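Every letter in the sequence shown is one number past the one before it in my numbering, and letter 176, counting from 1, is 841. Every residue, glycine too, gets a C-beta built ideally from N, C-alpha and C. These numbers come from a predicted model, not from an experiment. Report on the structure given below.
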Amino acid sequence: MKNLTKILVSFSATAALVSCGDDHAAPDAPRPIDAAVDAPPDALVIPAVPTLGAPIDRMGRPAVNTALVAPFDNDPLKTAKKDAYNRAVDQTMWLTTVVDPATSPPKTIRGEFAPNMGAFDSLDQGSGLPNTMAGPGGGCGNAALYSMTTGYATLATVLVDDQLYVDTAKLTCNSYLSLEVEVATGGGVVHSQCGGRTMTHDVVDVSYSLLSAGLNGFNQTLTPLVTDGVGPHTDILGNDTFPFLGPPH
């Protein structure tokens, strides 16, 4: 017992010598952590507006740029043409915007569109649609606004104005290119829909049908008859969450 008492006394004395403590008689005075004077808040210095670069993409009617600008060219010419198209933000200059300055004369957007339309005009070859045959060239010459004299120039002019038109007086919007179809048929099909484009429109089928067979590419309810085999995004109906898109097909 005496040995245990000695050990405890010895431990207590040692702990008193080595434990953490403060040898000041009085506690330390409080010390401020912040600076004496705060710096002005960031909001008083408004940053400069960043300089915007050249546009990298502009979208009016879906598939127009993709299908009609440089579809048969290779890079770097393909990319250069599409860049020139995307950077043309002044719509008053669209008819004269040059996408290929190396040609003689320099090729404008309309000059780029028109010859490439011939490939899409042949999509209905052998389809059985009116004014088409199974033989070579059988599907050519029946695109919307095609003329034996001017070829595809008129339709190219319509599509160069690459923006969506909407008639806000119409209450239903079930048909893509509704207003353009009226123009392409010379008023033969008066639009009853608002036009524009919704996510559930099968925009590629409508474009293919108009480019390949004109009005003959649609049935009486204006359902496109020349298709790419891929349906519209019907899986997003009722989606009210921005950006209102569904999974890719």
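For residue i, the three-state DSSP class (helix, strand or coil)
i             : result
valine 868    : helix
glycine 911   : coil
valine 825    : helix
proline 780   : helix
aspartate 812 : The question names aspartate, yet the displayed sequence has serine at residue 812. Residue state, collapsed to three classes: strand.
valine 855    : coil
threonine 899 : helix
serine 787    : helix
aspartate 748 : helix
threonine 670 : Summary for threonine 670: the model assigns pLDDT 44, below 50, so the residue's position carries little reliability; its value from the coordinates is reported in the next sentence. In the structure shown, threonine 670 sits in a helix (DSSP, three-state: H, G or I).
valine 848    : helix
serine 792    : coil
serine 840    : coil
alanine 878   : helix
tyrosine 873  : helix
leucine 820   : helix
threonine 906 : coil
threonine 757 : helix
alanine 713   : coil
alanine 719   : coil
Beta-bridge partners of residue i, as assigned by DSSP
i             : result
aspartate 765 : Lys772
glycine 860   : Val831
proline 727   : Answer is none; proline 727 lacks a bridge partner.
proline 889   : Phe883
Neighbour-count burial assignment, residue i, 16 or more Cβ in a 10 Å radius
i                 : result
isoleucine 721    : exposed
asparagine 881    : buried
alanine 916       : Lying before the first or after the last residue shown, residue 916 is absent from the chain, which here runs from 666 to 914.
valine 789        : Correcting the residue identity first, residue 789 is aspartate in this sequence and not valine. Looking at its Cβ environment, which holds 16 or more other Cβ atoms inside 10 Å, aspartate 789 is buried.
aspartate 870     : buried
methionine 758    : exposed
aspartate 867     : buried
phenylalanine 785 : buried
leucine 824       : buried
asparagine 839    : exposed
phenylalanine 737 : exposed
aspartate 900     : exposed
leucine 820       : buried
alanine 753       : buried
serine 769        : exposed
aspartate 810     : It should be noted that the sequence gives leucine, not aspartate, for residue 810. It counts as buried.
valine 895        : exposed
Nearest-angstrom beta carbon gap, residue j and residue i [assumed within contact, 8 Å]
i              : j             : result
leucine 829    : glycine 725   : 6 Å
alanine 878    : leucine 794   : 5 Å
alanine 779    : tyrosine 817  : 4 Å
alanine 732    : leucine 742   : Actually they do not touch by this definition, with Cβ atoms about 17 Å apart.
methionine 782 : leucine 876   : 6 Å
cysteine 859   : threonine 837 : 7 Å
valine 831     : glycine 861   : 4 Å
The ligand FAD heavy atom lying under 6 Å from the CB of residue i
i              : result
asparagine 807 : The ligand FAD is not part of the structure shown, which contains no ligands of any sort.
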